[in-house]
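Chains as they are written, first to last, in the working numbering: chain A, 6 to 657; chain B, 6 to 121; chain C, 5 to 238.
C-beta: ideal position from N, C-alpha, C; glycine also.
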Amino acid sequence: MAVIEEPLALPSGTTKARRPLGAFSRPRNATGLVDWLTTVDHKKIGIMYGMAAMFFFIIGGVAALLIRLQLAAPNSTILSADTYNRVFTMHGTIMVFLVVMPIGAAFANYLLPLQIGARDVAFPRINAFSFWVFLAGGLMLNSSWFLGGGANGGWFNYAPNNGAAFSPSTGIDFWNLGLFIAGIGSLSGAVNLITTVLNMRAPGMTLMRMPVFVWMTLVTQFLLLFAIPVLTAAQLLLLLDRQFGANFFNVTQGADPLLWQHLFWIFGHPEVYLMILPAFGIVSEVIPTFSRKPIFGYPFMVFSGIAIGFMGWGVWAHHMFVSGIGPLSVTAFSVATMFIAVPTGVKILNWLATMWGGKLILNTAMLFSIGLVTQFTIGGLSGVTHAVAPSDTQQTDTYYIVAHFHYVLFGGALFGFFAGLYFWWPKIFGYKLNEKIGKWNFWGMVLGFNLTFGPMHILGLQGMARRMQTYDVSMGFNLWNLVSTIGSFILGVTTLLLFVNAWKSYSEWKAAGRPNVGADPWDARTIEWSIQSPAPEHNFDVTPTVSDLDDFWHQKYAEDDEGKLRQVATGDELAQPGNGEGVHLPAPSYWPIVLAFSLPIVGYGLIYSLWFCIPGTLLTIISIYGWALEPADDLDIDDHGHGPDQEMEPAV
Amino acid sequence: MTDSITLDSTDTHGHSDHDDHAHPTEKQYWIVFVILAVITAVEIAWSYMGLEGPALVVPLIIMMVVKFLMIAGVFMHLSFDSKMPNGRTFYLCFGAAMVLAILVFLVVLAAFEFQI
Amino acid sequence: MTAIPVEDAVEVADDHGSDHHDDGHHTSLGLSNMKLAMWLFLGSECLLFGALISTYLLSKARFLTEVLAGNPEVLGTLPANLIEEFQAEGSVEPLFDIPFTSASSFILLMSSVTMVFAHQAISKNDQRNTRLWLATTAALGSVFIAGQVYEFTTFYNEGLRFDGNLLGSALYTLTGFHGVHVTVGIIMLLSLLVLAFRGKLNQDRAETLELVGLYWHFVDVVWVLIFTIVYLIP
Numbered sequence: 006m007a008v009i010e011e012p013l014a015l016p017s018g019t020t021k022a023r024r025p026l027g028a029f030s031r032p033r034n035a036t037g038l039v040d041w042l043t044t045v046d047h048k049k050i051g052i053m054y055g056m057a058a059m060f061f062f063i064i065g066g067v068a069a070l071l072i073r074l075q076l077a078a079p080n081s082t083i084l085s086a087d088t089y090n091r092v093f094t095m096h097g098t099i100m101v102f103l104v105v106m107p108i109g110a111a112f113a114n115y116l117l118p119l120q121i122g123a124r125d126v127a128f129p130r131i132n133a134f135s136f137w138v139f140l141a142g143g144l145m146l147n148s149s150w151f152l153g154g155g156a157n158g159g160w161f162n163y164a165p166n167n168g169a170a171f172s173p174s175t176g177i178d179f180w181n182l183g184l185f186i187a188g189i190g191s192l193s194g195a196v197n198l199i200t201t202v203l204n205m206r207a208p209g210m211t212l213m214r215m216p217v218f219v220w221m222t223l224v225t226q227f228l229l230l231f232a233i234p235v236l237t238a239a240q241l242l243l244l245l246d247r248q249f250g251a252n253f254f255n256v257t258q259g260a261d262p263l264l265w266q267h268l269f270w271i272f273g274h275p276e277v278y279l280m281i282l283p284a285f286g287i288v289s290e291v292i293p294t295f296s297r298k299p300i301f302g303y304p305f306m307v308f309s310g311i312a313i314g315f316m317g318w319g320v321w322a323h324h325m326f327v328s329g330i331g332p333l334s335v336t337a338f339s340v341a342t343m344f345i346a347v348p349t350g351v352k353i354l355n356w357l358a359t360m361w362g363g364k365l366i367l368n369t370a371m372l373f374s375i376g377l378v379t380q381f382t383i384g385g386l387s388g389v390t391h392a393v394a395p396s397d398t399q400q401t402d403t404y405y406i407v408a409h410f411h412y413v414l415f416g417g418a419l420f421g422f423f424a425g426l427y428f429w430w431p432k433i434f435g436y437k438l439n440e441k442i443g444k445w446n447f448w449g450m451v452l453g454f455n456l457t458f459g460p461m462h463i464l465g466l467q468g469m470a471r472r473m474q475t476y477d478v479s480m481g482f483n484l485w486n487l488v489s490t491i492g493s494f495i496l497g498v499t500t501l502l503l504f505v506n507a508w509k510s511y512s513e514w515k516a517a518g519r520p521n522v523g524a525d526p527w528d529a530r531t532i533e534w535s536i537q538s539p540a541p542e543h544n545f546d547v548t549p550t551v552s553d554l555d556d557f558w559h560q561k562y563a564e565d566d567e568g569k570l571r572q573v574a575t576g577d578e579l580a581q582p583g584n585g586e587g588v589h590l591p592a593p594s595y596w597p598i599v600l601a602f603s604l605p606i607v608g609y610g611l612i613y614s615l616w617f618c619i620p621g622t623l624l625t626i627i628s629i630y631g632w633a634l635e636p637a638d639d640l641d642i643d644d645h646g647h648g649p650d651q652e653m654e655p656a657v
Numbered sequence: 006m007t008d009s010i011t012l013d014s015t016d017t018h019g020h021s022d023h024d025d026h027a028h029p030t031e032k033q034y035w036i037v038f039v040i041l042a043v044i045t046a047v048e049i050a051w052s053y054m055g056l057e058g059p060a061l062v063v064p065l066i067i068m069m070v071v072k073f074l075m076i077a078g079v080f081m082h083l084s085f086d087s088k089m090p091n092g093r094t095f096y097l098c099f100g101a102a103m104v105l106a107i108l109v110f111l112v113v114l115a116a117f118e119f120q121i
Numbered sequence: 005m006t007a008i009p010v011e012d013a014v015e016v017a018d019d020h021g022s023d024h025h026d027d028g029h030h031t032s033l034g035l036s037n038m039k040l041a042m043w044l045f046l047g048s049e050c051l052l053f054g055a056l057i058s059t060y061l062l063s064k065a066r067f068l069t070e071v072l073a074g075n076p077e078v079l080g081t082l083p084a085n086l087i088e089e090f091q092a093e094g095s096v097e098p099l100f101d102i103p104f105t106s107a108s109s110f111i112l113l114m115s116s117v118t119m120v121f122a123h124q125a126i127s128k129n130d131q132r133n134t135r136l137w138l139a140t141t142a143a144l145g146s147v148f149i150a151g152q153v154y155e156f157t158t159f160y161n162e163g164l165r166f167d168g169n170l171l172g173s174a175l176y177t178l179t180g181f182h183g184v185h186v187t188v189g190i191i192m193l194l195s196l197l198v199l200a201f202r203g204k205l206n207q208d209r210a211e212t213l214e215l216v217g218l219y220w221h222f223v224d225v226v227w228v229l230i231f232t233i234v235y236l237i238p
């Protein structure tokens, strides 16, 4: 997997004559498209993660609307049963792997180095690779739309239905290999970001002074690091079964298809936490800023996040209560699942306590954060009902489950991400988003969201099974399905208001002559607001020295003699001017994108003809060596004694 | 701990994790290797003793774990690196993974036993 | 998850505006980024091999159950003599050639020692011995792989097919996946060897070699587990 960059442990000042190892040149002074394709800047990579996720969000959203359109009325025939299977499978897969996860990665990439006071991540080229390989996997998965139809086995693709005997079309192969490839990106990203957080903090930025978002991202990346390989193993087994005739899930040979369920959910349950934790981190930054109070119970916030990370590994079988795992397992996992509600409850309580008595500023970012707290709580409560195994037996595979996980993932994760977008938009792009459209955006989404998913609780308890292509009039599902469909279109349209807002705010800003939004437009708390907006390419002119939690806020406010809190400086007064002179940034590189896109060639080869694998593998090997032998950043200004500084790692 | 590594950027390279004097000598590596070889020999002999059940399996597992720890501790320098400041991070990261893997997969295998 | 010592970050005067952040001594923990990343990667590999080892154990158990129950679908995938031996022993042990595999395990174990010596040599900037030990390690690894190829051929000739039954799928997958890891390790060792012969592998790159070493020892350690769990415990 990882392609690791090896810097030479030479102190600056030492000069050492050294010839470059390779003949490959690094792109320098690239502009326009080439700049974006070869960049190793964590901020640009973060933006690209976000844009790619939004692109996939639209595909997944269209799939969702197609599902709702089909279910709007009984006995509908807009989608055939087969198409319907593919559409809901791809909807789930895209939303989980290509939307929620990468938006989390987008925020992590952009904010992590800024919040810990670093110039970039630990391994900038691996960072670029992580993004491109995610994109390559995502595009490969989506290419199945045009190559015989998407996967049709549900997003968790249970065995033995996912075998070649029951699913002969190539959709599941694309699902398998696309996610396999995207998983490589998650894994290398996890290694990179964990190293960054542990090792690249500014002086004084101790672990217990890190912003909550950094903490939640750290936990998220550990979850990825340990969960992705389990999915990879399961996918390897499936690959061998489908492409090479192995028997791992072949029931006639005595195989136990529950193995797939176990492996998938050992990955899958940490997965749901790693989708929600970045959003928890985001609102933990937004709520204190707009309550004008420090976060309540910071250590509890941190340790409950860690506890969620830990306990997330001990509850996977609650997805399998009706699969016949036996009463002992059901009991054990049921109890464990009830316990995991505790740290989540701690978080909800802390957010409420942060807002309690605060001077609330109810702008769009804050509204979305409050939206997360409320909507996620509803989803969390319905989640606890699943922990009760007898009740879960009734709810399994009904719309009640669909309602539950949309409340936690849309009402939780996506609302959190929207809060983050509105909050950090000025830092990223240099202008604020329009508040008026923002409020429409928020209230429209809340309305549409609850209209869409609220009725699903009722439908589920009435017995409407999930993944049903249609239903009969006599079943009594008509009304709530219609409401849900109307809601989904409200939700779809109001979600698009984000894009309208971005476009409109940008044109207004441009028309006004691009006024400077200031380093600290929200009077915020963490150190990413102490640099100019948009963040300069080199991040910090001078590496900050941190002496407090919410360090930037403590620089702005101090107690006077009477113990009253007074502002001693404004953010703009304290902000670094953004002078990058003398700062030395890692040079861009072609190899991350080349290496990333060599992998789908191997993937297509595995599906269509093994001969294709040969050029794919060759390109992979060439890229790895090209990467490893790439000359140092800047041979002409080799004042740091940087020699050829790379060594490669196995490409798993 | 902060004081124990006063980092001086003009210092020569590699002083934090290339502390080779902290690493074992060639002779010690050979000793470890001989011990590993002996354990392997005992393992093989044990498997030919015709024992069954726990009498066979438990000693084999114990010997396996000992070998594992020796390789990770000595050859991979974990027991030496962990003595340097913050060096515990290495084995905590790796150890967490190892413990997690063992626990999770033992539960999986147990779950298959209790399946209906 | 909490596997992180909650300690003060090292106060480093690092404001000379370079991208030197990746040097060991400029990092918050005072540890090398590369080495930390390598350990994290190896941590994730634990989960990968954990999944494959449990898959093997489960598949073997299911396979044996079917063989002992006389499931014709399963028996049809094996030659009669193997079936008889499996049924007589109640295990799949008759398939294995323990003395042979012990020898190849010993060779892989040996290669860990030579790898350590390569690291020691480069720490002393002893180019000759660095090359010698790197070459020896790669050679021992190759012997191990050759042994695995031989072993696979033997299994195949005895009638165990990858696509035949659960045992074949699981056994070839687990040991083969480990073999792929060894092969990747050999490629890395050979790349280092080429660097060494071109005079580019000096003391400053001791850490690169150490990282390859970490990977190599990890692969060795995984074999220690596989050898006991797959070959010795019936």
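Q: Would you tell me roughly how many angstroms separate the C-alpha atoms of proline 593 (chain A) and glycine 631 (chain A), rounded to the nearest one?
A: Computed Cα separation, rounded: 14 Å.
Q) Which of the residues in the segment 56–78 of chain B, read from start to end, lie with their CB under 8 Å from any CB of chain C? A) Listed by position, the residues of the segment 56–78 of chain B near chain C (Cβ gap below 8 Å) are Leu61, Val62, Leu65, Ile66, Met68, Met69, Lys72, Phe73, Ile76, Ala77.
(Q) What residue range does the beta strand (DSSP E) around tyrosine 562 (chain A) cover? (A) 562–564
Q. Taking C-beta to C-beta, are leucine 604 (chain A) and valine 138 (chain A) nearer than 8 Å?
A. yes
Q.
So the candidates are A:Tyr511, A:Gln474, A:Ser489; which of them puts its Cα closest to the Cα of lysine 437 (chain A)?
A. A:Tyr511
Q.
Suppose the cutoff is 6 Å on Cβ atoms and the five residues either side in sequence are ignored; what does the same chain contact list for glutamine 131 (chain C) look like?
A. none
Q. Of the residues that make up the segment 253–267 of chain A, which ones have a beta carbon closer than 9 Å to any beta carbon in chain B?
A. Look at the segment 253–267 of chain A: the residues with a C-beta under 9 Å from a C-beta of chain B are Asp261, Leu263, Leu264, His267.
**Q.** Near-chain B residues of the segment 318–345 of chain A (beta-carbon distance less than 7 Å), N- to C-terminal order
**A.** Trp318, Ala322, Gly329, Ile330, Gly331, Leu333, Ser334
Q: Report back the beta-carbon spacing between glycine 153 (chain A) and glycine 176 (chain A) to the nearest angstrom; my notes put them in contact at under 8 Å.
A: 7 Å
Q.
Cβ closer than 7 Å: which chain C residues qualify as neighbours of isoleucine 36 (chain B)?
A. Result: empty, since nearest Cβ-Cβ is about 11 Å, beyond 7 Å.
Q: Return the residue from the list A:Ser193, A:Gly97, A:Phe136 that minimises the CA-CA distance to methionine 38 (chain C).
A: A:Ser193
Q) Taking only beta-carbon atoms, is proline 275 (chain A) less than 8 Å away from chain C? A) No, because no Cβ of chain C sits closer than 8 Å to the Cβ of proline 275 (chain A).
(Q) Please identify, using Cβ separations under 8 Å, the residues of the segment 110–121 of chain B that lie next to chain C, in order along the chain. (A) Answer in chain order: Phe110, Val113, Leu114, Phe117.
Q. Going along the chain, which residues of its own chain have a beta-carbon closer than 6 Å to the beta-carbon of glutamine 560 (chain A), five neighbours each way excluded?
A. Only Leu579 meet the Cβ criterion.
Q) Using 8 Å as the Cβ pair cut-off and three pairs as the minimum, do the segment 53–70 of chain B and the segment 117–136 of chain C touch? A) no
Q: Only counting runs of 3 or more residues, tell me where the beta strand (DSSP E) segments fall wholly within the segment 509–576 of chain A, in order along the chain.
A: 562–564, 570–572
Q: Consult DSSP for threonine 403 (chain A) and reduce its assignment to one of helix, strand or coil.
A: strand
Q | Outcome for isoleucine 107 (chain B) when other beta-carbon atoms lying within 10 angstroms are tallied against a minimum of 16 | A | exposed
Q: Check each candidate in C:Leu171, C:Phe45, C:Phe201, C:Ser36 and name the one with the smallest Cα separation from alanine 102 (chain B).
A: C:Phe45
Q. Can you find a CB in chain B that lies within less than 8 Å of the CB of phenylalanine 3 (chain A)?
A. Any answer about residue 3 (chain A) is impossible in this case: the structure gives chain A only from 6 up to 657.
Q | Interface flag, alanine 50 (chain B) vs chain A, CB-CB below 8 Å | A | For alanine 50 (chain B), no Cβ of chain A is located within less than 8 Å of the residue's own Cβ.
Q: Going by DSSP, name the residue or residues bridged to alanine 408 (chain A).
A: Answer by DSSP bridge pairing: none, since alanine 408 (chain A) is not bridged.
**Q.** C-beta contact flag for serine 339 (chain A) and alanine 392 (chain A) at 8 Å
**A.** Yes, the pair counts as a contact, with Cβ atoms nearer than the cut-off.
Q | 8 Å Cβ cutoff, aspartate 167 (chain C) in contact with chain A | A | yes
(Q) How far does the alpha helix (DSSP H) with alanine 110 (chain A) in it extend, from its first residue to its last? (A) 106–121
Q) At what residues does the alpha helix (DSSP H) containing lysine 64 (chain C) begin and finish? A) 37–73
Q: Going by DSSP, name the residue or residues bridged to alanine 601 (chain A).
A: BP columns for alanine 601 (chain A) are empty, so no partner.
Q | Assigned secondary structure, glycine 189 (chain C) (DSSP; H/G/I helix, E/B strand, else coil) | A | helix
Q: List the residues of chain C that phenylalanine 95 (chain B) touches, going by C-beta distances under 8 Å, in chain order.
A: Leu35, Lys39, Leu40, Trp43
Q | For alanine 77 (chain A), three-class secondary structure by DSSP | A | coil
**Q.** Whole-angstrom distance between glutamate 214 (chain C) and lysine 204 (chain C), CA atom to CA atom
**A.** 15 Å
Q: May I have the straight-line CA-CA distance separating alanine 92 (chain C) from phenylalanine 100 (chain C), to the nearest angstrom?
A: Put simply, the backbone Cα of alanine 92 (chain C) is about 15 Å away from that of phenylalanine 100 (chain C).
**Q.** Spatial distance of phenylalanine 545 (chain A) from aspartate 46 (chain A) (CA atoms)
**A.** Taking the straight line joining both Cα atoms gives about 13 Å.
**Q.** Min CB distance leucine 105 (chain B) to chain A below 8 Å
**A.** yes
Q | alanine 470 (chain A) in three-state terms, based on DSSP | A | DSSP, reduced to helix, strand and coil, places alanine 470 (chain A) within a strand of the structure shown.
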